[in-house]
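Undergrad:
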Amino acid sequence: MGDIHCGTGDLEDTGETRSLPDQQPLLYNGCVILTLSTGTACWGSGFDYRACGPAFALNGLQVPAEDYELPLHQVLDPPEVRRFLCFNSCRFLIFLLCALYVLAWCALFSTFHLFLHSFIEEHIILSCLGFSTAAVIFTGVVALFLWHSRDQIIMNSDVRLMRANEKLRHHQLLVGLSDYVEKCTGRLQLTFCFFDVGDCLQRLTQLLEGSPDSQNPLQAKMHQKLGQFCILVTEGGPNLLQAVVVEEKDSEETPLLGRSRAGEESHEAAGRPRSALARTVALSLIPGGTPQEAASQLLTLYSPVYARLLGACQLPHTLHSLHARQAAVPCLCQHIESCLAHHCFP
5 MGDIHCGTGD LEDTGETRSL PDQQPLLYNG CVILTLSTGT ACWGSGFDYR ACGPAFALNG
65 LQVPAEDYEL PLHQVLDPPE VRRFLCFNSC RFLIFLLCAL YVLAWCALFS TFHLFLHSFI
125 EEHIILSCLG FSTAAVIFTG VVALFLWHSR DQIIMNSDVR LMRANEKLRH HQLLVGLSDY
185 VEKCTGRLQL TFCFFDVGDC LQRLTQLLEG SPDSQNPLQA KMHQKLGQFC ILVTEGGPNL
245 LQAVVVEEKD SEETPLLGRS RAGEESHEAA GRPRSALART VALSLIPGGT PQEAASQLLT
305 LYSPVYARLL GACQLPHTLH SLHARQAAVP CLCQHIESCL AHHCFP
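Numbering of the sequence shown is given in this note's numbering, commencing with residue 5 and proceeding in unit increments.
1) Between Ser41, Gln210 and Ile340, which has its C-alpha nearest Tyr310's C-alpha?
2) Give me the residue from Leu89, Cys343, Val79 and Ser307 with the minimum Cα distance to Leu222.
3) Please say whether Leu336 and Leu289 have beta carbons closer to each other than 8 angstroms?
4) Which one of Leu287, Asp203 and Asp52 has the shortest CA to CA distance from Gln232?
5) In whole angstroms, give me the CA-to-CA distance for Thr39 and Leu130.
6) Quick one: residues in its chain with C-beta nearer than 8 angstroms to the C-beta of Ile37, no 5 flanking neighbours on either side, listed in chain order?
7) Going by other Cβ atoms of all chains shown within 10 Å of its Cβ, with 16 needed for buried, is Cys110 buried or exposed?
8) Quick one: residues in its chain with C-beta nearer than 8 angstroms to the C-beta of Leu302, no 5 flanking neighbours on either side, listed in chain order?
9) Residue range of the beta strand (DSSP E) that Thr284 falls in?
10) Do you know how far the Cα of Phe91 is from the Cα of Leu97?
11) Which residues in the same chain have their Cβ closer than 6 angstroms to the Cβ of Asp183, if we skip the five residues on either side of it in sequence?
12) Phe116 to Ile124, Cα distance in whole Å?
13) Compare the Cα-Cα distances from Ala108 to each of Gly134, Val79 and Val185 and report the closest residue.
14) Pro308 and Leu165: beta carbons closer than 8 angstroms?
15) What is the rounded straight-line gap between the Cα of Arg167 and the Cα of Tyr53?
16) For Leu76, count neighbouring C-beta atoms within 10 Å of its own C-beta (all shown protein chains included) and say buried if the count is 16 or more, exposed if not.
17) Quick one: Cα of Arg173 to Cα of Asp200, how far?
18) So, helix, strand or coil for Val146, using DSSP?
19) Pop quiz: Ser300 and Leu205 are said to be a contact at Cβ under 8 angstroms. What is the actual Cβ separation, rounded to whole angstroms?
20) Measure the beta-carbon distance from Arg312 to Leu181 and round it to whole angstroms, keeping in mind my assumption that it falls under 8 angstroms.
21) Using the C-alpha atoms, what's the distance from Pro334 back to Met159?
22) Output needed for Ser161: all residues of its chain with C-beta closer than 7 angstroms, excluding positions within five of it in sequence on either side, in chain order.
23) Please determine, among Phe51, Leu212 and Leu104, the residue with the shortest C-alpha to C-alpha distance to Val140.
24) Cys35 and Ala331 - do their beta-carbons sit closer together than 8 angstroms?
25) Please report the residue range of the alpha helix (DSSP H) in which Ser161 lies.
26) To which residues of the same chain is Phe142 closer than 7 angstroms at the C-beta, ignoring the five residues directly before and after it?
27) Mind reading off the beta-carbon distance from Ala298 to Leu212? Whole number of angstroms is fine, and I expect it under 8 angstroms.
28) Within this structure, are the beta carbons of Leu80 and Gly50 separated by less than 8 angstroms?
29) When DSSP labels each residue in this structure, what does Asp183 get in the three-state scheme?
30) Spatial neighbours of Leu261 within its chain, please: C-beta separation below 7 angstroms, excluding the five flanking residues on both sides.
31) Helix, strand or coil for Val36, going by three-state DSSP, please let me know.
32) So, under 8 angstroms CB-CB, Thr304 and Asn169 are touching, yes? Tell me the CB distance rounded to an integer number of Å.
33) Out of curiosity, what's the CA-to-CA distance linking Cys351 and Ala316?
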């Protein structure tokens, strides 16, 4: 890895904010500008978005607060998102693997002790070593399976950050969310990196045009890889859903005034046309439109993935980068090609 990535990975003990040293004032593609970290636990206090403005200004970037603070707050701070990030973190995975090891050891001991009671008692130390070895192998196999089965695009974090990246791209910034374990403490890390996507947009546009969709290799790979992803969007009728939720609550816990208002809203919603009712629509992540529009959508989709891997120092070192030579990592368009061509980093 390059020095910039190693420096980004070495967080301070406080874990609050950290920007690049003053001796590196020049910005280049793949340059990590700022990392924000949660407290000592995934379910602790959220990110301090107020630290972003001074860090951006220090690097000569004028980014309005509404382009990053509100989008990030809406997608990362809801309780259900924080719970998912906690239960999907490396710390929780380690806890599960430890529990699995104990369960596997106990299952092996009880099973063999049931059928080989005398042998186990005569060779208790050798038997315990054998059980421990088998439990470690079993836990390691499960850990490798869980690690390799993780999707390269995390729906509840990467896809949620698409909106923020769409705004930050105009300021030549990318943002991604990763998690790591430091001193047996799980932390969430929000990475902001500098990247001018103009050259990557032009190259992806050229790759997507020039031949029909059925004969375009990148188009075929895009449909194959992204066809398994979709997001559910609720359209219309939010008041009706709120009224139904209120009516289903216990009458002792629901205020009478609130219940009467909910009843009025439900009667109003009942008189609306069927098209105004709420419905859930599955939207595919496969980009569409012109080649330039499809390329722009690909960049927006993979920007949080790229920033996440960059902040976690999981991008491979390369001397053949097209648009991120100084960072010595694959540029964004090369990373997209790698992800579409074969299974890349989780």
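Think of the CB as a built atom: it goes at the ideal place given N, C-alpha and C, for glycine as much as any other residue.
TA: This is what the structure holds:
1) Ile340
2) Cys343
3) no
4) Leu287
5) 49 angstroms
6) Ser23, Leu24, Leu31, Ala59, Phe60, Asn63, Leu65, Leu177, Phe196, Cys197 and Phe198
7) exposed
8) Leu208, Met226, Pro291 and Ile340
9) Looking at the DSSP string, the run of the beta strand (DSSP E) that includes Thr284 is Arg283 to Ser288.
10) When rounded, the distance between both Cα atoms is 8 angstroms.
11) Within the same chain, Cβ atoms closer than 6 angstroms to the Cβ of Asp183 are found at Ser93, Cys94 and Leu192, the five residues on either side in sequence being excluded.
12) 8 angstroms
13) Minimum Cα distance to Ala108 is reached at Gly134.
14) yes
15) Across the structure, Arg167 and Tyr53 are spaced so that their CA atoms are roughly 16 angstroms apart.
16) buried
17) 8 angstroms
18) helix
19) 6 angstroms
20) 6 angstroms
21) 23 angstroms
22) Leu89 and Leu181
23) Leu104
24) yes
25) No alpha helix (DSSP H) holds Ser161; DSSP gives it neither H nor E.
26) Closer than 7 angstroms at the Cβ level, and outside the excluded window around Phe142, lie Ala108.
27) 5 angstroms
28) yes
29) strand
30) Any reading at Leu261 needs caution, since the residue's pLDDT is 42, under 50, leaving its predicted position unreliable; the model's value is listed next. Excluding sequence neighbours, Leu261 sits near nothing in its chain.
31) In this structure, DSSP gives Val36 an extended state, which the three-state scheme calls strand.
32) 6 angstroms
33) Because the chain here runs from 5 to 350, residue 351 falls outside it and cannot be looked at.
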